[in-house]
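Residue numbers (our numbering): 142 to 363.
Below, the structure written as structure tokens:
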């Protein structure tokens with residue numbers, strides 16, 4: 142298909158989803174231990190779904206976020222169209238056919254067009270997606286090699302969370318860590334998610350294609 146259609150690495154994108162427990166600290170941290178012991182404590186289990194999409198050349202488009210609440214308190218006065226992520230909601234934070242279609246039309250198409258225009262290339266794209274139930278079966282063509290990139294962006298997110306807390310504590314030595322963490326909101330989380338996506342190195346993203354399309358990875362690495 143790639144040869145027949147004449148696709149270039151910049152024109153072939155992969156989309157996948159992953160759960161992110163956005164307010165869960167590593168088990169050995171003080172915050173994790175203290176919060177786990179608190180009666181009725183739920184933030185540790187509060188999750189969102191990340192929708193990640195990048196191409197074989199190593200470019201990532203704006204990440205998508207599916208959360209259980211349409212309008213959480215920390216985002217109540219913010220224009221959702223101006224967020225650094227594509228914001229969607231579902232009570233169970235699941236991707237559905239409706240949400241995927243919305244993401245495809247309102248996020249993927251304009252983001253991919255803008256990127257390809259900046260490269261002086263035509264909008265002739267192939268989107269590779271996983272086999273999740275929320276996707277149209279007519280579009281499915283799974284790339285099974287994305288786990289490394291997913292783990293990388295999660296690790297980067299965790300590092301950025303620690304960095305944010307450290308910077309605040311350095312600027313305010315008397316600040317209470319537990320109270321600071323309780324005030325860490327979904328608005329803070331999506332800002333760091335966007336930053337983590339921005340920090341992803343092209344070779345990490347393009348590396349997902351190493352087994353599926355080795356020539357593209359070799360070309361992008363030169």
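Just so you know, even glycine gets a beta-carbon here, dropped at the ideal spot from N, CA and C. In this text, all values refer to a predicted model and were calculated from it rather than measured experimentally.
In whole angstroms, give me the CA-to-CA distance for residue 262 and residue 156.
Rounded to the nearest whole angstrom, the C-alpha separation of residue 262 and residue 156 is 20 Å.
Examine the Cβ distances between the region 187 to 201 and the region 333 to 341 and report whether three or more of them are shorter than 8 Å.
Output reads yes: the region 333 to 341 touches the region 187 to 201.
Chain-order list of residues whose beta-carbon lies under 7 Å from that of residue 337 (same chain, five-residue window excluded)
294, 297, 298, 301
Measure the alpha-carbon distance for residue 303 versus residue 346 and round it to whole angstroms.
Their Cα atoms are separated by approximately 24 Å.
When burial is assigned at 16 or more other CB atoms within 10 Å of the CB, is residue 147 buried or exposed?
exposed
Close-in-space but distant-in-sequence residues of the same chain around residue 335 (CB under 7 Å, 5 per side omitted)
204, 225, 226
Mind listing, in chain order, the continuous beta strand (DSSP E) runs of no fewer than 3 residues lying wholly within the region 209 to 254?
227 to 230
From what residue to what residue does the alpha helix (DSSP H) around residue 333 run?
327 to 340
In the DSSP assignment, find the alpha helix (DSSP H) that holds residue 303 and state where it starts and stops.
288 to 312
Among 231, 162, 267, nearest to residue 196 - alpha-carbon criterion
267
Rounded to whole angstroms, what is the Cα-Cα separation between residue 167 and residue 160?
16 Å
Bounding residues of the beta strand (DSSP E) (the contiguous stretch that carries residue 191):
189 to 196
Can you give the beta carbon distance from residue 234 to residue 190, rounded, assuming they're within the 8 Å contact cut?
5 Å
Could you tell me whether the Cβ atoms of residue 305 and residue 333 are closer together than 9 Å?
yes
Count the other CB atoms within 10 Å of the CB of residue 330; is the residue buried (16 or more) or exposed (fewer)?
With 16 or more other Cβ atoms from the protein chains shown falling within 10 Å of its own Cβ, residue 330 counts as buried.
Between residue 348 and the rest of its own chain, which residues show a CB-CB distance below 6 Å, the 5 nearest in sequence each way excluded?
Same-chain partners within the cutoff: there are none.
Who does residue 207 pair with in a DSSP beta bridge?
190, 229
DSSP state of residue 266 mapped onto helix, strand, coil:
coil
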